[in-house]
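Heads up: the sequence lines are chains A and B, in that order. Number 551 marks the last residue of the first sequence (UniProt numbering); no jumps. Number 496 marks the last residue of the second sequence (UniProt numbering); no jumps. Note that beta-carbon positions come from the ideal geometry of N, C-alpha and C, so glycine has one too. The structure appears below as structure tokens.
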Amino acid sequence: MAVAATSFSFSFTVTTPKKISSLSSPTLHTLFFSKTISFSHSLRKTLLLSPSHHTPTRPRSFTLSASSSSSSNSHNYDFDLFTIGAGSGGVRASRFAANYGASVAICELPFSTISSDLTGGVGGTCVLRGCVPKKLLVYSSKYSHEFEESNGFGWKYDSEPKHDWTTLMANKNAELQRLTGIYKNILKNSNVQLIEGRGKIVGPHTVDVDGKLYSARHILVSVGGRPFIPDIPGSEHAIDSDAALDLPSKPEKIAIVGGGYIALEFAGIFNGLKSDVHVFIRQKKVLRGFDEEIRDFVGEQMALRGIEFHTEESPQAIVKSADGSLSLKTNKGTVEGFSHIMFATGRKPNTMNIGLESVCVKTDKKGAIEVNEYSQSSVPSIWAVGDVTDRINLTPVALMEGMALAKTLFQNEPTKPDYSYVPSAVFSQPPIGQVGLTEEQAVEQYGDVDIFTSNFRPLKATLSGLPDRTFMKLIVCAKTNRVLGLHMCGEDSPEITQGFAVAIKAGLTKADFDATVGIHPTAAEEFVTMRTPTRKIRKTSPSEVSDTEGL
Amino acid sequence: MARKMLIDGEPAPALEEEATNFDFDLFVIGAGSGGVRASRFSANFGAKVGICELPYHPISSETIGGVGGTCVIRGCVPKKILVYGASYGGELEDARNYGWQLSEKIDFDWKKLLQKKTDEINRLNGIYKRLLSNAGVKLFEGEGKVAGPHEVEVTQLDGTKLSYSAKHILIATGGRAHLPDIPGKELGITSDEALSLEELPKRVVILGGGYIAVEFASIWQGMGTTVNLVFRKELPLRGFDDEMRAVVARNLEGRGINLHPRTNLTQLIKTEDGIKAVTDHGEELMADVVLFATGRVPNTKRLNLEAVGVELDHCGAIKVDEYSRTNIPSIWAVGDVTDRMNLTPVALMEGTCFAKTVFGGQESKADYSNIPCAVFSIPPLSVVGLSEEQAIEQANGDVHVFTSTFNPMKNTISGRQEKTVMKLVVDAQTDKVLGASMCGPDAPEIMQGIAVALKCGATKAQFDSTVGIHPSSAEEFVTMRSVTRTVAGTKPRTSL
Chain A
1 MAVAATSFSF
11 SFTVTTPKKI
21 SSLSSPTLHT
31 LFFSKTISFS
41 HSLRKTLLLS
51 PSHHTPTRPR
61 SFTLSASSSS
71 SSNSHNYDFD
81 LFTIGAGSGG
91 VRASRFAANY
101 GASVAICELP
111 FSTISSDLTG
121 GVGGTCVLRG
131 CVPKKLLVYS
141 SKYSHEFEES
151 NGFGWKYDSE
161 PKHDWTTLMA
171 NKNAELQRLT
181 GIYKNILKNS
191 NVQLIEGRGK
201 IVGPHTVDVD
211 GKLYSARHIL
221 VSVGGRPFIP
231 DIPGSEHAID
241 SDAALDLPSK
251 PEKIAIVGGG
261 YIALEFAGIF
271 NGLKSDVHVF
281 IRQKKVLRGF
291 DEEIRDFVGE
301 QMALRGIEFH
311 TEESPQAIVK
321 SADGSLSLKT
331 NKGTVEGFSH
341 IMFATGRKPN
351 TMNIGLESVC
361 VKTDKKGAIE
371 VNEYSQSSVP
381 SIWAVGDVTD
391 RINLTPVALM
401 EGMALAKTLF
411 QNEPTKPDYS
421 YVPSAVFSQP
431 PIGQVGLTEE
441 QAVEQYGDVD
451 IFTSNFRPLK
461 ATLSGLPDRT
471 FMKLIVCAKT
481 NRVLGLHMCG
491 EDSPEITQGF
501 AVAIKAGLTK
511 ADFDATVGIH
521 PTAAEEFVTM
531 RTPTRKIRKT
541 SPSEVSDTEG
551 L
Chain B
1 MARKMLIDGE
11 PAPALEEEAT
21 NFDFDLFVIG
31 AGSGGVRASR
41 FSANFGAKVG
51 ICELPYHPIS
61 SETIGGVGGT
71 CVIRGCVPKK
81 ILVYGASYGG
91 ELEDARNYGW
101 QLSEKIDFDW
111 KKLLQKKTDE
121 INRLNGIYKR
131 LLSNAGVKLF
141 EGEGKVAGPH
151 EVEVTQLDGT
161 KLSYSAKHIL
171 IATGGRAHLP
181 DIPGKELGIT
191 SDEALSLEEL
201 PKRVVILGGG
211 YIAVEFASIW
221 QGMGTTVNLV
231 FRKELPLRGF
241 DDEMRAVVAR
251 NLEGRGINLH
261 PRTNLTQLIK
271 TEDGIKAVTD
281 HGEELMADVV
291 LFATGRVPNT
301 KRLNLEAVGV
311 ELDHCGAIKV
321 DEYSRTNIPS
331 IWAVGDVTDR
341 MNLTPVALME
351 GTCFAKTVFG
361 GQESKADYSN
371 IPCAVFSIPP
381 LSVVGLSEEQ
391 AIEQANGDVH
401 VFTSTFNPMK
411 NTISGRQEKT
421 VMKLVVDAQT
431 DKVLGASMCG
441 PDAPEIMQGI
451 AVALKCGATK
461 AQFDSTVGIH
471 PSSAEEFVTM
481 RSVTRTVAGT
491 KPRTSL
């Protein structure tokens, strides 16, 4: 392995104010480590906003040894980097590491649309069981709404359009096969060696893939996560999102348990494909953690499209009846006659049985690998990116983490991923786009904020006659005029939000928005034509604030 | 700069003088986007405002108009409604591979769409009238003329004439489609009529390569009409980025529109089989409808401007300074009648600036930099800032061009062969993003936020530091890592 990275050192910025007496790796790593805990806990609330929160008092220099003991630098490894898991984060880190001159291998489980301890596939969750197949199903299901709309625009069908699930599944799977092939090619073209099999860590520098051992200067764990179904009686009859994306037949009547984005996206998909959809949520509203007004709005719009929400209803048991149909027993009673019951009740990092314990890589109580700001685990030669670290579980974030890691390890450029103002979308119908703080977070962090909202009937709906509406919201710091958050629910929200995310990330003010001329006629122009605040929230006026607190 | 007049060092004297001998502080001729905005905002600042507008009808003439103006009645709004209607044509094709089984026979009922469009326009016309009355603006129906620097005459429907004096007069009469002077031109129609045709034509010939021509080509094609698009240049959409023009041309063709570049129409002849459109290549195109989308001219003919001495340019547009003031200090003009940048949001900006300057005590110049705009072809084009050609011409140093051409995810299953193209033009020295363009689904919606970033001088590094929204098309704008090409600016370096 005549490649880069023998012993290398670089300047490191440490954010911990704590006094550092030793420069040995374990100490360094413990420091980062303790930092990381507070980091991930406070992530949603604070980190999204203010990077300055973590600004160091003064930069300090460290030597980061590539191996756990500095004397082993001469060790000949099979690879500079061995990556376990070829999803978004793993592929990105591997490709870029290879581009920077490192010798890289990556292992991944055999391809299957359903993930397990033994199946996976190059491309990972995003490509095979997440973003991509989900969005393809969203496209398919959206047509029923478009057919309805089109009636209002003069289009007439001799017979109601019917949907054939099998065609959709076949075409979707063909596309997934194509994509997994593309990802394999990407790896090949970057000179990353792909090893099919189950990778397991057996030492700080050793990975076992189905009995064969590989040594590596650095090991990257990017094995992602998997859906989690709570253990209630009859849970074996439930399906998760993996299965829901690849069902043999379309559900006639489906119960979806959960109020998060996955639950809402599938509710929209099956509702669009004309299944009878019931969503069971523990809370009063869907999408905990999102802006309260968005939560209300999306719930209303989805209900108008025919989805039945069962709020404050927790599942207790699933019963399969003689005719094969399923009943869901909840704290409020029993709903019968489901062909499918889907749990969208969260995801768990895939850290079971990959050998983390054997080398003492620390995980948190959810099983996520604990890492510092450079994605380094408690074992200095072992790193982790993506959902397995449970920071912000989004593909583009895993890409950012993977890229930053490649730079840190192989380009002498220690790079921290920047979690401020990460935009995101929910592909519900209608979809949501958001970036920055919610109103509740903004009030908590800034006190005085101005809220601009617009709730309107889009031009298309005035013609189609459907009850669709669009909701938009800007949250502005009263003192600095900076736009702190932007939220939208309505057609094209995800596409619309991206450009604004650039503006908000760049720290632009409401005045900058106002100075921009609109593109007419669009929905997006509403964001640059919001003249009057809907409300001004001031710390000095507790009555107003109390309305939005305690959420 | 020569026309930058008295306004400097004279901070909004209007309200202070409060000359009570005028009937109105402001009288506006023309209740379109610019006129209505200026009236409402002036009234909000405390001015007494009157506005006049011609009677309402979808098709405009010297004596027909309507509150709402071109945008609402004969432009943006009805056009977009028809684009929506036409988009379903392509959507239905795309649906099949997504598992939808559609009946063999799908009808498109043009009359139904037309009726609903007219209903919507009527509704909006009413809304605009209410906006005016709620703002306390007095609306007169009739034809307005300038009778003097402070004098307006309104000829009402019954022929009676009203005369009012006003401290300030604002002309916001917009523009109208212009017909080329060829034999048989009376057989052709303009976009006004095209938005309100009794029957959906089976065959159309469109003359023109501008955005109106391209939009109507897409509208009719989507509704199943055979479309021939005839234009003089090599590519449609002169003035836009050349690369994007080629993309639009390719997409139009890909959707089934017949393009006739470097072609003009020389004559229209009525035949039993329809209208025969003869090209300068001697080709004969048969059509049920021939649309002239050959430009628009400002509505200044019947305003009596010459008599009062208001200067016009050679196209008939009213000449104004940066504050929208004409050479007669009490007469102002905004919107298409001034032929600056003929877009609704620009007229709104000019109207707002006018009201602030004259009645709000804040001198305000409209800012024409980085104004985004969209062409609602199917798929649409949207741009903000400089084209590659403009950037090269204006840059001091090198220009980095980033492009991305990709198959949108929806097409992977629908099978539609149509690429989305995105482009960023970046100043190599400053890293500032000088221009952005996109042709593909949702481009206009996507471009608005990008426009905010460009307006404030965002750098490529700032684009790169923004995390993508996955999976979207828009995320491509923040993930363009490698320069497609670097071109040296042609502007001579003066700082050496």
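With 16 other Cβ atoms within 10 Å as the buried cut-off, status of residue i
i: HIS281/B; result: exposed
i: GLU373/A; result: buried
i: THR351/A; result: buried
i: ILE239/A; result: buried
i: LEU405/A; result: buried
i: GLU525/A; result: buried
i: GLN362/B; result: exposed
i: HIS314/B; result: exposed
i: CYS360/A; result: exposed
i: GLN101/B; result: exposed
i: PHE406/B; result: exposed
i: HIS29/A; result: Unreliable positioning characterises HIS29/A in this predicted model, as indicated by a pLDDT of 37, which lies under 50. The coordinate reading is nonetheless provided below. HIS29/A should be labelled buried.
Chain D contact for residue i (CB, 8 Å cutoff)
i: LYS419/B; result: Annotation note: the requested chain D is absent from the structure, which comprises protein chains A and B.
Beta-carbon spacing of residue i, residue j below 8 Å
i: ALA474/B; j: ALA506/A; result: no
i: ARG340/B; j: TRP332/B; result: no
i: ALA344/A; j: PRO233/A; result: no
i: residue 501/B; j: ASN264/B; result: This structure cannot settle anything about residue 501/B, because the visible part of chain B is limited to 1 through 496.
i: GLY346/A; j: SER222/A; result: no
i: ALA243/A; j: ILE114/A; result: yes
i: GLY152/A; j: GLY124/A; result: no
i: GLU53/B; j: GLY34/B; result: no
i: HIS278/A; j: HIS310/A; result: yes
i: PRO380/B; j: PRO444/B; result: yes
i: MET447/B; j: GLY101/A; result: no
i: ALA395/B; j: ASP427/B; result: yes
Neighbourhood of residue i by C-beta distance below 7 Å, restricted to the same chain and skipping five residues each side
i: THR479/B; result: GLY468
i: ALA488/B; result: ASP398
i: GLY99/B; result: none
i: ILE413/B; result: ASN97 and TYR98
Where the alpha helix (DSSP H) containing residue i begins and where it ends
i: GLY269/A; result: According to the sequence provided, residue 269/A is Ile. The question's Gly does not apply to it. Counting along the chain, the alpha helix (DSSP H) containing ILE269/A begins and ends at 261 to 272.
i: THR190/B; result: Here THR190/B belongs to no alpha helix (DSSP H), and DSSP marks it neither H nor E.
i: GLU439/A; result: 439 to 446
i: VAL298/A; result: 292 to 304
i: CYS131/A; result: 131 to 152
Own chain partners of residue i with C-beta closer than 6 Å, once the 5 adjacent residues on each side are dropped
i: LEU162/B; result: VAL154
i: TRP220/B; result: VAL204 and VAL227
i: THR466/B; result: VAL478
i: ASP468/A; result: ALA461
i: VAL202/A; result: ASP208 and GLY355
i: PHE297/A; result: PHE471 and CYS489
Proximal residues to residue i (C-beta, below 8 Å), its chain only, five neighbours per side dropped
i: GLY316/B; result: VAL297, PRO298, THR300 and LYS301
i: LYS80/B; result: PHE376
First through last residue of the beta strand (DSSP E) which encompasses residue i
i: CYS439/B; result: 433 to 439
i: PRO349/A; result: 347 to 349
i: ASN455/A; result: 449 to 456
i: ARG535/A; result: 535 to 537
Whole alpha helix (DSSP H) runs in the region 50 to 115 of chain B with 4 or more residues, listed along the chain?
-> 76 to 95
List in chain order: all unbroken alpha helix (DSSP H) runs of 4+ residues lying wholly within the region 471 to 522 of chain A.
-> 493 to 505 and 510 to 515
For the region 379 to 403 of chain A, which segments carrying the beta strand (DSSP E) assignment without a break, of at least 3 residues, lie completely within its bounds, in sequence order?
-> 382 to 384
Entirely within the region 196 to 275 of chain B and at least 3 residues each: give me those beta strand (DSSP E) ranges in chain order.
-> 203 to 207, 226 to 230, 258 to 260 and 265 to 271
Mind pulling the beta strand (DSSP E) runs of 3 or more residues that sit fully within the region 105 to 174 of chain B?
-> 106 to 108, 138 to 141, 143 to 148, 151 to 155 and 161 to 171
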